[in-house]
Amino acid sequence: MTSQLPIQQEDRTIIVDVLRGFALFGVLLGNFSSMLTNNVPQAIIDAHTTRFDQLLNELHDIFIQNKFMTLFSILFGYGFGVIMQRLEKKSINSTPFFLRRMFWLFIFGCLNLALWNGDILHLYAVTGIFLLLFRKQSDRTVLLCSFLFLFIVPTAIRFCQHFFLGSVLTGGTLSEVYYNAYRFGSLKDIAMVNYKTYIPQWIYSWVEWRDMSETFGRFLFGYYILRRQLLTRLDENFLIIKKIWRFVLVVTLADICLVIVTDRSLISIPRYILYPFLKMGIFGTALFYATSIVQLYKKGKLAGLMKVFRDLGRMTLTNYLVQTIIYVVIFYGLGLALLGDFSFGIIWLASLTIYFLQGLFSKWWLSKCYYGPVEWVWRQLTYRKRFRLIRSGQ
18 MTSQLPIQQE
28 DRTIIVDVLR
38 GFALFGVLLG
48 NFSSMLTNNV
58 PQAIIDAHTT
68 RFDQLLNELH
78 DIFIQNKFMT
88 LFSILFGYGF
98 GVIMQRLEKK
108 SINSTPFFLR
118 RMFWLFIFGC
128 LNLALWNGDI
138 LHLYAVTGIF
148 LLLFRKQSDR
158 TVLLCSFLFL
168 FIVPTAIRFC
178 QHFFLGSVLT
188 GGTLSEVYYN
198 AYRFGSLKDI
208 AMVNYKTYIP
218 QWIYSWVEWR
228 DMSETFGRFL
238 FGYYILRRQL
248 LTRLDENFLI
258 IKKIWRFVLV
268 VTLADICLVI
278 VTDRSLISIP
288 RYILYPFLKM
298 GIFGTALFYA
308 TSIVQLYKKG
318 KLAGLMKVFR
328 DLGRMTLTNY
338 LVQTIIYVVI
348 FYGLGLALLG
358 DFSFGIIWLA
368 SLTIYFLQGL
378 FSKWWLSKCY
388 YGPVEWVWRQ
398 LTYRKRFRLI
408 RSGQ
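Quick note, the sequence shown lines up with residues 18 to 411 if you use the numbering used here.
Next up, the structure:
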């Protein structure tokens, strides 16, 4: 294995970095909001909630909730596929290398999970391993299995949850547990709560299995996009992308209507019945966002913003983990202990500020270095050799 194997900037598909950076904002806002909705007792939330906050929360449900995380996952699957393809082109067995890469991602995820119960890296690492089974499968098989794991399997699990499983811990109980640990506990208390509640909250409830299925479906879809070269040959595929955009626009509009009527209880259809339609809406909206960004990028629109997205996207892992540290500093007793003191309006403002600062930092860092700091560490652990970090002349 040589030092030329890692993807250099000239080999990167810039639009993928742009999409990653764009998705990162929604992930930040979604996770920031979940710190309030999932980890604070409802009575405390209500005390800080105004009508404006209620509007923001509804907008969050319509335009943010799970949409950006879906795109984020698709792009991770795309990136995992890039690794496998590059190794195969050099006649290198991708299995041990890929397993090693997923192992270290899992370690990063477990460390992140110690600080915050919403980590997704450990899930990505475990789920990503199964992509190896699809290296020799046809594009059609990859796409069909993507939809199977995106919609059919999760819907079956959701039905089983409704009819056969009781609640292991109620949302109210969990929010109180997390609130007390995060706001008043030590680092040890926080880690213990996150690890102890993981199995009953995610495993016994089957939520983790459902999330794994959806995540794997997104990974397969990202892998399919790579194999069809939809993003590497934009000129050839631009008309296809525009057709996809028109279709998912309709899906997005339908999803907006569905979310509004369900959030406002305007229909009495049980949630588990609506589940597959809500998931299709989330997936369609994520594709609408992605194809919109691709078209703007291809037409040279918002060039300055696209550069910000690109820099953030090249340091996705670093920025994602730094966001957890920011949560700790702002919300936890280890820092400012402001958990429960923020309204949704403040959370939106804080998210925009943090994202802007991360954009500035990413631009500055990449002007000095070849890789983001965590990306650099991950790369060296994976390849088991040192790579130069600082650019020449710095």
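We put the CB at the ideal spot given by N, CA and C, even for glycine.
Nothing here was measured: the structure is a model prediction, and the numbers come from that model.
In the three-state reduction of the DSSP assignment, Ile407 falls in the strand class.
With 16 or more other Cβ atoms inside 10 Å of its own Cβ, Ile371 counts as buried. In this structure, Leu46 lies near His77, with their beta-carbon atoms less than 9 Å apart.
Counting only runs of 4+ residues, the alpha helix (DSSP H) found wholly inside the region 199-275 occupies 204-215, 224-244, in chain order. The residues Lys385, Cys386, in chain order, have a CB closer than 7 Å to that of Ile407 in the same chain once the five nearest residues on each side in sequence are set aside. By a beta-carbon distance limit of 8 Å, Val159 contacts Arg244. Their separation comes to about 7 Å. As DSSP reads the structure, Cys386 sits in a beta bridge with Ile407.
Residue nearest to Thr341 within the set Asn254, Val44, Asp34 is Val44 (criterion: CA-CA distance). Here Gly96 is near Val33, since their CB atoms are less than 9 Å apart.
Just measuring C-alpha positions, the residue of Trp219, Gly202, Thr214 sitting nearest Leu182 is Trp219. Taking each of Ala354, Tyr141, Pro217, Ala208 in turn and checking the Cα distance to Leu92, the smallest one comes out for Tyr141. Residue environment for Ala40: buried (at least 16 other C-beta atoms within 10 angstroms of its C-beta).
For the alpha helix (DSSP H) assignment, the uninterrupted runs of no fewer than 4 residues enclosed by the region 292-372 are, from N- to C-terminal side, 320-331, 333-348.
With respect to the 9 Å criterion, Thr54 and Arg235 are not classified as neighbours on the basis of their beta carbons. Contact annotation: Ser368 and Phe69 have beta-carbon atoms that are not nearer than 9 Å. Val345 sits close to Leu132, with the two beta carbons spaced by under 9 Å. Judged by their CB atoms, Ser90 and Val170 are not nearer to each other than the 9 Å cut-off. Here the region 245-262 makes no contact with the region 108-122; the two share fewer than three CB pairs at distances below 8 Å.
Closest in alpha carbon position to Cys177, among Ala320, Ile299, Ser222, Ala208, is Ser222. Comparing alpha-carbon positions, the option among Ala307, Tyr241, Ile100 lying closest to Leu266 turns out to be Ala307. Straight-line measurement puts the Cα of Leu355 at about 39 Å from the Cα of Leu237. Taking the Cα positions, Tyr241 is about 18 Å away from Thr302.
Ranked by how close their Cα comes to the Cα of Phe115, the residues Ile124, Ala173, Leu148 have Leu148 in first place. Proximity of the region 191-207 to the region 116-130 falls short of the contact definition, fewer than three beta-carbon pairs being nearer than 8 Å. By the Cβ neighbour-count rule, Gln59 is exposed, with fewer than 16 other Cβ atoms within 10 Å of its own.
Taking C-beta atoms as the reference points, Phe168 and Lys296 count as a pair closer than 9 Å. The three-state secondary structure of Gln59, taken from DSSP, is helix. Closest in alpha carbon position to Phe123, among Arg403, Gly410, Leu398, Gln246, is Leu398.
Within the same chain, Leu140 come within 7 Å of Asp228 by CB-CB distance, once the 5 residues on both sides are set aside.
Closest in C-alpha terms to Gly389, from the list Thr335, Ile364, Tyr292, comes Thr335. Annotated as proximal: Thr269 and Gly298, with beta-carbon spacing under 9 Å.
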